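In this note's numbering, the protein residues as written are 14 to 361.
For glycine and all other residues, C-beta sits at the position ideal for the given N, C-alpha and C.
What you are looking at is a predicted structure, and each value in this text was computed from that prediction instead of being measured.
Worksheet: the structure to be examined is printed underneath.
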């Protein structure tokens, strides 16, 4: 066999463009100088990825570490001063960063490209919000498309108010949001009434009391996923406990009058839930990902707000088949501002 380092740049360029997994793409950097020269972001064409776990910052440092589930260890450390001391939410590989003074940006964590967003004080009813802390003003953010693919993108967020909505997705041209009571609403931000939402389905209330719902597309179906145990409960006058113990799945039909049915399996898919935009991955395609499982992080500020170390304790993997729990990360990573969360790795 010939020397792989002697392959021509054109041929190496064709090879690297066929790499589907960002983790494998990164390994091109360390092979030799010739391979490193073609492993530039513009040559990476893959999209569906295994989310990485972005750990909390250490001692207000500028570095962010990302853990690979395939390797079970830190795969990349990024110098990211733009995220220092800020609340971060993830969507389509971008971070929405919120500072203490209310500045907001879209930040691509691996290229450090930033896109300015309106200041928090421009939000409707900002002065009447129940949370005056800008850092925790926002709970979720979801892009309609990647800014690098479509300049006409929209960003929908859930921010402090009456706490009605808890998760949103973008699906076939519409945003869908789910409330704590199990109601799913649709909103067309490009239509004649961009600030209005219509009810499309209501899953029975009894499944949602004291629990947290998510909404996610998986294998073409829309699922409402109910997480039990992540919301806080008072043990006595001085302590609050929370720990995820169960998940329930409901498949909803957005077309036929709001029908829904409870599900017990994800098949070959795995879900990733938390401060990221909820996402489903075909686990059969990737080593290191368990099918029919839910990977979750500590995303309930009301729960970890009174914990000295902050959030980062309530995260793991829930197996739907036997309803067992296991850790998704064996180390420790805590923060009162930005606990560990899933990030979809991508390049620009």
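- In this structure residue 215 is in contact with residue 196, their Cβ atoms being roughly 5 Å apart against a cut-off of 8 Å.
- For residue 331 and residue 308, the gap between their C-alpha atoms comes out near 7 Å.
- With respect to the C-alpha of residue 103, the residue from 359, 294, 290 and 188 having the closest C-alpha is 290.
- Beta-bridge annotation (DSSP): residue 154 is paired with 170.
- Residues 216, 237, 273 and 275 of the same chain have their beta carbon placed closer than 6 Å to that of residue 263, with the five preceding and five following residues left out of the count.
- When 162, 313, 189 and 203 are compared, the shortest CA-CA separation from residue 286 is found for 313.
- DSSP places residue 302 in the coil class of the three-state scheme, outside both helix and strand.
- Excluding its 5 nearest sequence neighbours in each direction, residue 100 has C-beta neighbours in its own chain below 6 Å: 111, 148, 350 and 351, listed in chain order.
- Taking the CA atoms as reference points, residue 177 sits about 8 Å from residue 194.
- Each of 306, 259 and 345 was checked against the Cα of residue 325, and the nearest Cα belongs to 345.
- The C-alpha of residue 301 lies about 12 Å from the C-alpha of residue 295.
- Per the DSSP secondary-structure output, residue 237 pairs in a beta bridge with 228 and 263.
- Contact between residue 293 and residue 231 holds, with the beta-carbon distance rounding to 4 Å and staying under 8 Å.
- Around the beta carbon of residue 323, 16 or more other beta carbons lie within 10 angstroms, which makes this residue buried.
- If you look at residue 275, you'll find it in the beta strand (DSSP E) that goes 273 to 276.
- Remark: C-beta atoms of residue 223 and residue 159 do not approach each other more closely than 8 Å.
- When the Cα atoms are used, residue 128 and residue 95 turn out to be separated by approximately 12 Å.
- For residue 314, the enclosing alpha helix (DSSP H) covers residues 314 to 317.
- In the displayed model, residue 139 falls within a helix according to three-state DSSP.
- Annotated three-state conformation of residue 35 is helix, per DSSP.
- Under the three-state reduction of DSSP output, residue 222 falls in the coil class, being neither helix nor strand.
- C-alpha of residue 132 to C-alpha of residue 115: approximately 6 Å in a straight line.
- Shown here, residue 326 sits in coil according to DSSP, grouped into three states, outside any helix or strand.
- Counting every other CB atom within 10 Å of its CB across the protein chains shown gives residue 121 a total of 16 or more, marking it as buried.
- Each residue's CA atom was taken as its position, placing residue 118 and residue 154 some 12 Å apart.
- Non-local C-beta neighbours of residue 281 in its own chain, meaning closer than 7 Å and more than five positions away in sequence, comprise 295, 296, 297 and 304, ordered along the chain.
- When the five nearest sequence neighbours on each side are left out, the beta carbons in the same chain lying within less than 7 Å of the beta carbon of residue 243 are those of 225, 255, 257, 313, 316 and 327, in order along the chain.
- The beta carbons of residue 63 and residue 83 sit closer together than 8 Å.
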